[in-house]
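Here it is in structure tokens:
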């Protein structure tokens with residue numbers, strides 16, 4: 168019963184959203200993807216925009232980061248993100264997305 172209630176709430180939210188951001192852990196992005204949400208968008212709301220946010224990129228090697236960004240960007244706009252909490256890191260460009268979400272295609 169709780170799962171059905173959750174699905175109903177999720178469908179309500181997805182029905183009113185303009186953009187969905189899937190936050191993927193850079194250490195295992197495929198395990199974090201929601202097939203349900205992606206299927207919903209493809210079948211019910213193809214006009215809905217999807218963006219991947221590859222999080223915790225500082226925890227994987229740079230070459231792995233580049234490969235994941237290439238792989239994921241083939242499907243949806245993808246941004247690399249590192250939550251910089253140190254004062255000296257606030258000015259870096261990590262965490263900024265270069266993709267134009269409003270013009271990106273699936």
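Residue numbers (this note's numbering): 168 to 273.
For glycine and all other residues, C-beta sits at the position ideal for the given N, C-alpha and C.
Relative to the Cα of residue 204, the nearest Cα in the group 195, 187, 191, 214 belongs to 187. Under DSSP, the beta-bridge partners assigned to residue 220 are 190, 246. Judged by DSSP secondary structure, residue 214 falls outside any alpha helix (DSSP H); it is assigned neither H nor E. At the C-beta level, residue 223 and residue 200 stay beyond 8 Å of one another. Of 175, 228, 232, the smallest CA-CA separation from residue 247 is found for 232. At least 8 Å separates the beta-carbon of residue 221 from that of residue 177. Within the same chain, Cβ atoms closer than 8 Å to the Cβ of residue 226 are found at 193, 194, the five residues on either side in sequence being excluded.
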